[in-house]
Amino acid sequence: MQNDASSHHDLIAALDREMRRMGAQNIVTSQTVADRFGLHTTDLECLDLLFMRKAATPGELAAATGLSSGAMTALLDRLERAGYVERQADPGDRRRVLLHIKAEAIKPIEAVYGPMQARMQQLWAGYSQAELATIVDFLKRSTDLAVACVEDMRQDATAPKRGRRKG
1 MQNDASSHHD LIAALDREMR RMGAQNIVTS QTVADRFGLH TTDLECLDLL
51 FMRKAATPGE LAAATGLSSG AMTALLDRLE RAGYVERQAD PGDRRRVLLH
101 IKAEAIKPIE AVYGPMQARM QQLWAGYSQA ELATIVDFLK RSTDLAVACV
151 EDMRQDATAP KRGRRKG
């Protein structure tokens, strides 16, 4: 029985290490791609969030990222000046603005990610349908939990605040 408990504990520890390593690698990858296109990493990640959603309001992106409305406005102004996004009036509510990706503008970014995405999909194809369903469930639940934890941190008024880094 001790071996089973120890093995389970060891697997959880290994999972923790690998998730942290994957998170760090995602940041390095994002920074590398952002640098190639003269973007801030946050700008690139917001582009991806918008790409996955098809359309979003500035408020929805601010909520998804935790950026203030002022920081989101500056980010969107940069992306709009660079030609990556456009603001359009929401046909259902003229008071709202919807953001859309300019498909032609992001083709060079897609070209950079394309080979990596193809290699990842080739790797994932080696898993059974049941394994993929478990992996998708794990990633979704882990990400949802991480979002909730970040929101808890934002709401924690007792946490010490440090000055913002200059950048």
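Residues 1 to 167 (UniProt numbering) make up the sequence shown, in order.
The beta carbon of each residue, even a glycine, is placed where N, CA and C say it ideally should be.
### Query
What distance in whole Å lies between the Cβ atoms of leucine 98 and aspartate 90, which are believed to be in contact at a cut-off of 8 angstroms?
So it is a contact: roughly 5 angstroms between Cβ atoms.
### Task
Would you list the residues sitting across from alanine 89 in a DSSP beta bridge?
Under DSSP, alanine 89 forms a beta bridge with Val97.
### Message
Report the CB separation of alanine 34 from leucine 44 in whole angstroms; it is logged as a contact under 8 angstroms.
### Response
About 4 angstroms separates the two Cβ atoms, so the contact holds.
### Query
What whole-angstrom Cβ distance do alanine 82 and methionine 72 have, given they're in contact under 8 angstroms?
Contact between alanine 82 and methionine 72 is ruled out by a C-beta separation of about 16 angstroms, above the 8 angstroms threshold.
### Task
State the CB to CB distance for the pair tyrosine 127 and isoleucine 106, rounded to an integer number of angstroms; the pair is presumed to be in contact (CB under 8 angstroms).
The distance from the Cβ of tyrosine 127 to that of isoleucine 106 is about 29 angstroms, inconsistent with a contact at the 8 angstroms cut-off.
#### Entry: Rounded straight-line distance, which links the Cα of arginine 20 to that of serine 6
Straight across, the Cα-Cα distance linking serine 6 with arginine 20 is about 21 angstroms.
#### Entry: Option in Val112, Ala125, Met52 and Leu132 with minimal Cα separation from serine 30
Comparing C-alpha distances from serine 30 to each of Val112, Ala125, Met52 and Leu132 shows the shortest one belongs to Val112.
### Which residues DSSP lists as bridging alanine 24, in chain order
DSSP lists no bridge partner for alanine 24.
### Query
Quick one: what's alanine 56 bridged to in DSSP?
Alanine 56 is bridged by DSSP to Leu99.
### Task
For the alpha helix (DSSP H) containing phenylalanine 138, list its first residue and its last residue.
129-155 is the extent of the alpha helix (DSSP H) around phenylalanine 138.
### Beta-carbon proximity check, isoleucine 101 vs phenylalanine 138, cutoff 8 angstroms
No, the Cβ-Cβ distance between isoleucine 101 and phenylalanine 138 is not below 8 angstroms.
#### Entry: Inter-residue CB distance, isoleucine 109 and phenylalanine 37 (contact presumed, cutoff 8 angstroms)
Right, the Cβ-Cβ distance comes to about 6 angstroms (below 8 angstroms), so this counts as a contact.
### Message
For aspartate 77 and glycine 23, what's the separation of their Cα atoms in angstroms?
### Response
Taking the straight line from one Cα to the other gives about 28 angstroms.
### Query
In chain order, what residues of the same chain lie with their CB nearer than 8 angstroms to the CB of alanine 103, ignoring the 5 residues before and after it?
Apart from the 5 residues on each side of it in sequence, alanine 103 has no Cβ closer than 8 angstroms to any other Cβ in its chain.
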